[in-house]
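Under the working numbering, the first residue of the sequence shown carries the number 7, and numbering increases by one thereafter. Glycine is no exception: its CB is placed at the ideal position from the N, C-alpha and C atoms. Here the structure is laid out as structure tokens; the discussion comes afterwards.
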Amino acid sequence: MSFSQLGLSDVLVQTVAQLGYQKPTHIQTQAIPVILQGRDLIAAAQTGTGKTASFVLPILEKLRQGQTQRKKRVRALILVPTRELAMQVAEKVEQYGKDTGLKSLAVFGGVDEQAQKQRLIDGVDVLVATPGRLMDLYGQRAVYFEEIEMVVLDEADRMLDMGFIESINKIIDCLPSEVQFLLFSATLSRKVRELAKTAVRDPHEISIAANQASKSNISQWLITVDKDTKSALLSHLINEQQWDQALIFIETKHGAAKLVSQLEKRGIHAEAFHSGRSQAIRVQLLEDFKSGKIKYLVATGVAARGIDIDQLSRVVNYDLPFPADEYVHRIGRTGRAEAVGEAISFVSKDNFKNLCMIESRLGHLIERRVVEGFEPKKPVPISILNYVPKHKRAVQD
7 MSFSQLGLSD VLVQTVAQLG YQKPTHIQTQ AIPVILQGRD LIAAAQTGTG KTASFVLPIL
67 EKLRQGQTQR KKRVRALILV PTRELAMQVA EKVEQYGKDT GLKSLAVFGG VDEQAQKQRL
127 IDGVDVLVAT PGRLMDLYGQ RAVYFEEIEM VVLDEADRML DMGFIESINK IIDCLPSEVQ
187 FLLFSATLSR KVRELAKTAV RDPHEISIAA NQASKSNISQ WLITVDKDTK SALLSHLINE
247 QQWDQALIFI ETKHGAAKLV SQLEKRGIHA EAFHSGRSQA IRVQLLEDFK SGKIKYLVAT
307 GVAARGIDID QLSRVVNYDL PFPADEYVHR IGRTGRAEAV GEAISFVSKD NFKNLCMIES
367 RLGHLIERRV VEGFEPKKPV PISILNYVPK HKRAVQD
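Okay, here's the thing in structure tokens:
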């Protein structure tokens, strides 16, 4: 199926073709026609499935068709959990909508509020926002909701995990009654479904399974290694395999700083990306990583939630994630737009339970490898695919 067959106009079809999109992804094929019909939607889809385009393209199409006269108030609202994700979704809106005449803006904390207010006064069609900054602006009457036609809750599960439920409910209460709601989440947990009940009406539901999200163009494999030799192994792989770039996931900001220091001592320049660094530094690090100026970015899972880079060939789980859904979310950051990607995970004996949960979630075992000279002294057992986890507290960044 082609993008034109989904109901998009020539101007948007030509734009996505110029961006190198050859055919719609699974989530785009299912979501775009439903959104164009005006239906509310609940979609379970991880990063890397093409979900951003699946809601941005039909939003632009509907707003463009209804653009009979210039309106200065917001017509579509996209709520996201982090500043980084707000910037990246806004960038996609700008790319896809470059020939539509529609105006867009991202608003989030940590930057000059006055500049955002002025842009809103000048007129914005599509507003991408974090809940906290949006409510600040609404309280100051810098933004109005009366003309909003469509609302997206992107990464709804993460917004709930980060404690935004009160702000989200306040926003929902202030919206017009006939708004079209689109809810996207990596998982459809009980909390997400409870949130959906307060917003969506007679929704169409889509679920992209984990085995569909972990695409065939992404090579996944594990390296079994003792915990105390992981940094040496990472340095060895970077040098021996001459990695051009890697996004390296780690559990804590202290661990990120320590790993960067260890890599530097071995002559490998890397940067740490975590919540302890200022917003300005994090924005610059992302720009430098995208441009290739920085080759190796060591990021905590919490801080990395907004990282979205089209051409990323490799992700490394230096620490295995918890919960298991986070694994699928992480590896989806590589292999974009049908490009070949690689997802490597370091596993030691003390990660065994996490590994069992991940492979149970995927429904299959991940290929294991051992690197010569780094054979583990403590062997990692074979996974149990029907493993049932006990409750474990989420790690804080």
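Same chain only: Cβ atoms within 6 angstroms of phenylalanine 114, ignoring 5 sequence neighbours per side
Working through the sequence shown from its first residue, we reach residue 114 at position 108. If we look at phenylalanine 114 and ignore the five residues flanking it on each side, its Cβ neighbours are Arg89, Ala92, Thr136, Arg139.
What residue does the alpha helix (DSSP H) around methionine 93 start on, and which one ends it?
Locating residue 93 in the sequence shown gives position 87, where the first residue counts as 1. Element bounds for methionine 93: 89-102.
Local Cβ density within 10 Å of leucine 145, reported as buried at 16 or more and exposed below that
Counting from one through the sequence shown, the residue named residue 145 turns up at place 139. The sequence shown places glycine at residue 145, rather than the leucine named in the question. By the 10 Å Cβ count, glycine 145 comes out exposed.
Pick from Gln36, Glu257, Lys355, Leu303: whose alpha carbon is nearest that of isoleucine 212?
Counted from its first residue, the sequence shown places residue 212 at position 206. Closest by alpha carbon: Gln36.
Report all residues from its chain with a CB closer than 6 angstroms to the CB of valine 134; omit the five preceding and five following residues, and keep chain order.
Taking the first residue of the sequence shown as position 1, residue 134 is located at position 128. Answer for valine 134: Ile84, Ala92, Val95, Ala96, Ala112, listed in chain order.
Is histidine 210 helix, strand or coil when you go by DSSP?
In the sequence shown, the residue the question calls residue 210 occupies position 204. Strand at histidine 210.
Determine the direct distance from the alpha carbon of threonine 31 to that of threonine 420, and round the result to whole angstroms.
Missing from the structure shown is residue 420; the chain here goes from 7 to 403 and no further.
To the nearest angstrom, report how far apart isoleucine 127 and alanine 148 are at their CA atoms.
Translated into positions along the sequence shown, residue 127 becomes position 121. Translated into positions along the sequence shown, residue 148 becomes position 142. So the two alpha carbons sit approximately 8 angstroms from each other.
Given a cut-off of 8 angstroms, decide if glutamate 348 and serine 225 are closer than it, judged by their beta-carbon atoms.
Working through the sequence shown from its first residue, we reach residue 225 at position 219. Working through the sequence shown from its first residue, we reach residue 348 at position 342. Yes. Within cutoff.
By Cβ distance, which residues of its chain are closer than 6 angstroms to arginine 283, with the 5 residues on each side in sequence left out?
On the sequence shown, position 277 is the one that residue 283 refers to. Result list for arginine 283: empty, nothing under 6 angstroms.
Roughly how many angstroms separate the alpha carbons of tyrosine 27 and leucine 12, rounded to a whole number?
Residue mapping note: residue 27 aligns to position 21 of the sequence shown, counting from 1. Residue mapping note: residue 12 aligns to position 6 of the sequence shown, counting from 1. C-alpha separation (whole angstroms): 14 angstroms.
Taking the DSSP output, what are the residues bridged to glutamate 348?
As a working mapping, residue 348 is identified with position 342 in the sequence shown. Glutamate 348 is bridged to Ser225, Arg320.
On the criterion of 16 or more Cβ atoms from any shown chain inside 10 Å, does alanine 219 qualify as buried, or is it exposed?
Numbered from 1 along the sequence shown, position 213 holds the residue referred to as residue 219. Low per-residue confidence applies at alanine 219: pLDDT is 48, beneath 50, and the placement is therefore not dependable, though the value from the model is reported in the following sentence. Label assigned to alanine 219: buried.
Which residues share a DSSP beta bridge with tyrosine 302?
Along the sequence shown, one-based indexing puts residue 302 at 296. Answer by DSSP bridge pairing, in chain order: Ala252.
With DSSP as the reference, label serine 191 as helix, strand or coil.
The count along the sequence shown starts at 1 and reaches residue 191 at position 185. In this structure, serine 191 counts as strand in the three-state DSSP scheme.
Tell me, please, whether the CB atom of threonine 204 is closer than 8 angstroms to any CB atom in chain C?
As a matter of chain content, chain C is missing from the structure shown, which is built from one protein chain.
Does DSSP put leucine 159 in a helix, in a strand, or in coil?
Sequence index remark: in the sequence shown, residue 159 carries index 153 (1-based). Leucine 159 falls in the strand class under three-state DSSP.
For isoleucine 2 and lysine 78, I'd like the C-alpha separation in whole angstroms.
Nothing can be reported for residue 2: it is not among the residues displayed for the chain, which extend from 7 to 403.
Per-residue DSSP class, three states only, for threonine 230:
The sequence position of residue 230 within the sequence shown is 224, counting from 1. In the structure shown, threonine 230 sits in a strand (DSSP, three-state: E or B).
Rounding to the nearest angstrom, what Cα-Cα distance links serine 389 and arginine 339 in this structure?
Sequence index remark: in the sequence shown, residue 389 carries index 383 (1-based). Sequence index remark: in the sequence shown, residue 339 carries index 333 (1-based). For serine 389 and arginine 339, the distance between alpha carbons rounds to 25 angstroms.
Using alpha carbons as the reference points, say which of Gly379, Phe328, Lys384 lies closest to serine 366.
Here residue 366 is taken as the residue at index 360 of the sequence shown, counted from 1. Nearest of Gly379, Phe328, Lys384 to serine 366, Cα basis: Phe328.
Enclosing alpha helix (DSSP H) for alanine 276 [first to last residue]:
Start at 1 with the first residue of the sequence shown, and residue 276 comes out as number 270. Taken as a continuous stretch (DSSP letters only), alanine 276 belongs to no alpha helix (DSSP H), as it is neither H nor E.
Would you check if the distance between the CB atom of leucine 201 and the CB atom of leucine 47 is smaller than 8 angstroms?
Taking the sequence shown and counting its residues from 1, one reaches residue 201 at position 195. Taking the sequence shown and counting its residues from 1, one reaches residue 47 at position 41. No. Outside cutoff.
Can you check which of these residues, Val304, Leu243, Glu270, is closest to isoleucine 254 by C-alpha distance?
By one-based count along the sequence shown, residue 254 stands at place 248. Selected option, being the one with the closest Cα: Val304.
To the nearest angstrom, how far is it from the Cα of isoleucine 350 to the Cα of isoleucine 364?
As a working mapping, residue 350 is identified with position 344 in the sequence shown. As a working mapping, residue 364 is identified with position 358 in the sequence shown. The straight-line gap from Cα to Cα measures roughly 13 angstroms.
Does DSSP put isoleucine 313 in a helix, a strand or coil?
The residue you call residue 313 lines up with position 307 of the sequence shown. DSSP places isoleucine 313 in coil when its eight states are reduced to three.
Own chain, CB closer than 8 angstroms to serine 110, minus 5 neighbours either side, in chain order:
Position 104 of the sequence shown, counting from 1, holds the residue named residue 110. Once the five neighbours on either side are set aside, the close Cβ partners of serine 110 are Ala96, Val99, Glu100, Gly103, Val130, Asp131, Val132, Leu133, Val134.
Where serine 183 falls: helix, strand or coil (DSSP)
Looking up residue 183 in the sequence shown gives position 177. It is coil, neither helix nor strand.
Going by other Cβ atoms of all chains shown within 10 Å of its Cβ, with 16 needed for buried, is isoleucine 287 buried or exposed?
Mapped onto the sequence shown, residue 287 falls at position 281. When all chains shown are included, isoleucine 287 counts as exposed.
Tell me where the beta strand (DSSP E) around alanine 135 begins and ends.
Stepping through the sequence shown from its first residue, residue 135 is reached at position 129. Residues 132-135.
Does the pairing of the stretch 352-362 with the stretch 290-300 give three or more beta-carbon distances under 8 angstroms?
no
Per DSSP, what are the beta-bridge partners of glutamate 119 in this structure?
Position 113 of the sequence shown, counting from 1, holds the residue named residue 119. Note: glutamate 119 sits in no beta bridge, so no partner.
Out of Val321, Gly307, Thr306, Ala276, point me to the one whose CA is closest to lysine 299's CA.
If you number the sequence shown from 1, residue 299 lands on position 293. The shortest Cα separation from lysine 299 among Val321, Gly307, Thr306, Ala276 belongs to Ala276.
Taking only three categories from DSSP, how would you classify alanine 23?
Mapped onto the sequence shown, residue 23 falls at position 17. In this structure, alanine 23 counts as helix in the three-state DSSP scheme.
Does the separation of the CB atoms of proline 87 and arginine 164 fall below 8 angstroms?
Mapped onto the sequence shown, residue 87 falls at position 81. Mapped onto the sequence shown, residue 164 falls at position 158. Result yes, Cβ atoms of proline 87 and arginine 164 sit closer than 8 angstroms.
Suppose contacts are defined by Cβ-Cβ distances below 8 angstroms. Is alanine 49 in contact with isoleucine 65 by that definition?
Numbered from its first residue, the sequence shown carries residue 49 at position 43. Numbered from its first residue, the sequence shown carries residue 65 at position 59. No, the pair does not count as a contact, with Cβ atoms beyond the cut-off.
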